[in-house]
Amino acid sequence: MIMLRKYSVVIATFLLAMTISASVRSADFVVGSLNTLHLGWGSATNTTNKCTEIANLMGSVDILLLQEVMQLAVPCTNLGTGLGTDCSLTMLGKTSYKEAYCFVYKKSKMTFANCYYNAPTASFSRPPYAILMAVKVGTTNKYVWFANIHSIFGKTVGPRQAEASAAGIFFQTLQNITCSPIAIPTNGFPVIIGGDWNLSVTSSNGSYTTGFSWADPTGNPATVPAACPANAATSLTPAGAPSSPYDHIIITGISLTGANTCSIYPTTSAARTTWRKTVSDHMAVYWEVDFK
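What the sequence shown shows, in mature numbering (1 follows the signal peptide of the UniProt record, and there is no 0), is residues -22 to -1, 1 to 270, in sequence order.
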């Protein structure tokens, strides 16, 4: 069922000067994703370190999808002015371990449309959570569903593949989820789903892995999806070395175009080592996207 939200949380503190991108963006918007490794747990210093890097990422993205937030609000007081947040309504998980999905976005670029949609609980350990955003492009607003996912890990790959497949159905469903009084576009709403999938989208030879057949554009003309990164290491070993291709952003290519490459951050070995110690066991990914 479609739900309504009256407001999103606005964060108002001093803006950190440090950003991770010196280039001028020309895309319509930039979307990013980060598994925060238990944001809000541990010491105050631990939380501050994570929040500092989230603030840095917001210098390069317009909306950031966060996984493993350990409360129903982003626990950061140092993100800066002009930002809004939204989180899932409940903590998610079928065991004693539960987490929230959250979004951080630039209010100058995006506005929460007061509609959200949950994936079916039966198909996921932590059902994906989507929000509809109005994205400012020039003097007009265009609407996009942004969905957040953190797939089960488990002892075997089968449950991960099953969740990836179920996420594809959710991805396709979102195109035609109504949010009154906003009209559904001719080709359906653009959809972006991102997060930690604990799987690669493609194998090393470029073929789509089990669970991700819906992400193959040749077989899905209604959505023509595109994924980035499809098979690049985004998780980190304890020593900070790139490990597994787990984090991906997938878009509806029938209405959106992603840049030829997406970014994985941090970019240097030294920075990744520090990041692994103070921020997360996953790197951040972000992608420049244009409307067609």
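Think of the CB as a built atom: it goes at the ideal place given N, C-alpha and C, for glycine as much as any other residue.
Residue i versus residue j - alpha carbon distance
| i | j | result |
| --- | --- | --- |
| GLY218 | SER247 | 7 Å |
| GLU77 | SER11 | 16 Å |
| THR89 | PRO195 | 29 Å |
| THR55 | THR25 | 10 Å |
| ASN154 | ASN13 | 28 Å |
| GLY172 | VAL9 | 9 Å |
| LYS255 | CYS65 | 26 Å |
| ASN27 | GLY197 | 43 Å |
| TYR132 | LEU44 | The question names Tyr, but residue 132 is Gly in the sequence shown. Cα to Cα, GLY132 sits roughly 21 Å from LEU44. |
| CYS93 | LEU152 | 12 Å |
| PRO159 | PHE124 | 19 Å |
| SER1 | CYS240 | The pLDDT assigned to SER1 is 44, lower than 50, so where the model puts this residue is not dependable; a value taken from the coordinates is nonetheless given after this. Looking at the two C-alpha atoms, the distance is approximately 14 Å. |
| PHE81 | ILE170 | 13 Å |
| SER(-15) | TYR95 | For SER(-15), the predicted model reports a pLDDT of 39, less than 50, meaning its position is unreliable; a value from the coordinates is still stated below. Whole-angstrom Cα-Cα distance: 15 Å. |
| ASN183 | LEU67 | 40 Å |
| PRO199 | THR117 | 30 Å |
| THR73 | ASN126 | 19 Å |
| THR201 | ASN119 | 21 Å |
| ALA51 | GLY71 | 17 Å |
| PRO223 | THR235 | 22 Å |
Extent of the continuous alpha helix (DSSP H) to which residue i belongs
| i | result |
| --- | --- |
| LEU50 | Where LEU50 is concerned, there is no enclosing alpha helix (DSSP H), given that its DSSP letter is neither H nor E. |
| LEU35 | 22 to 35 |
| PHE148 | 136 to 152 |
Neighbourhood of residue i by C-beta distance below 7 Å, restricted to the same chain and skipping five residues each side
| i | result |
| --- | --- |
| VAL115 | ASP6 and PHE269 |
| ALA237 | ALA5, TRP265 and GLU266 |
| SER86 | GLY60 |
| ILE242 | PRO207, ALA210, THR212, MET261 and VAL263 |
| ILE162 | ASN154 and THR156 |
| ALA91 | LEU110, MET111, ALA112, TYR121, CYS157 and ILE160 |
Option nearest residue i by Cα separation, candidates the options
| i | options | result |
| --- | --- | --- |
| PRO207 | PRO216, TYR186 and PRO199 | TYR186 |
| TRP175 | THR156, THR55, ARG250 and ALA210 | ALA210 |
| ALA112 | GLY132, TYR83 and ARG138 | TYR83 |
| GLN150 | HIS260, ALA97 and THR256 | ALA97 |
| ASP40 | GLY60, ALA51 and LYS28 | GLY60 |
| SER221 | ARG250, ALA125 and PRO163 | ARG250 |
| VAL135 | THR63, ALA51, GLY189 and LEU67 | GLY189 |
| PRO216 | LYS72, PRO199, VAL257 and ALA205 | VAL257 |
Distance between beta carbons of residue j and residue i, contact taken as under 8 Å
| i | j | result |
| --- | --- | --- |
| GLU141 | PHE102 | 5 Å |
| TYR79 | TYR121 | With 8 Å as the limit, TYR79 and TYR121 do not qualify as a contact, their Cβ atoms being about 19 Å apart. |
| ALA22 | LEU57 | Actually they are not in contact, since the Cβ atoms of ALA22 and LEU57 sit about 15 Å apart, beyond 8 Å. |
| VAL179 | HIS226 | 5 Å |
| GLN49 | GLY18 | 5 Å |
Cβ neighbours of residue i in the same chain (closer than 6 Å, five flanking residues each side left out)
| i | result |
| --- | --- |
| GLY146 | TRP192 |
| residue 273 | Because the chain is modelled from -22 through 270, residue 273 falls outside the range shown and cannot be assessed. |
| SER233 | ASN165, PRO168 and LYS270 |
| MET69 | LYS76 and ALA78 |
| VAL144 | Checking the sequence shown, residue 144 turns out to be Ala, not Val. These residues qualify, in order along the chain: SER101. |
| ALA205 | VAL179, ALA193, HIS226 and ILE228 |
Proximal residues to residue i (C-beta, below 8 Å), its chain only, five neighbours per side dropped
| i | result |
| --- | --- |
| PRO203 | PHE149, TRP192, ALA193, ASP194, PRO195, ILE228, ILE229, THR230 and GLY231 |
| TRP253 | GLU31, LEU214, GLY218, PRO244 and MET261 |
| LEU35 | ILE(-3), GLY10, LEU12, LEU42, TYR243, ALA262 and TYR264 |
| PRO53 | LEU17, GLY18, THR25, CYS29 and VAL47 |
| residue 299 | The chain is shown from -22 up to 270; residue 299 falls before or after that span and cannot be answered. |
| LEU15 | LYS28, GLU46, VAL257, SER258, ASP259 and HIS260 |
| SER181 | THR187 and ASN209 |
Span of the beta strand (DSSP E) around residue i
| i | result |
| --- | --- |
| LYS120 | 118 to 128 |
| TRP253 | No beta strand (DSSP E) holds TRP253; the alpha helix (DSSP H) holding it covers 247 to 256. |
| LEU61 | 61 to 65 |
| LEU17 | 7 to 17 |
| TRP265 | 262 to 269 |
| ASP174 | 169 to 174 |
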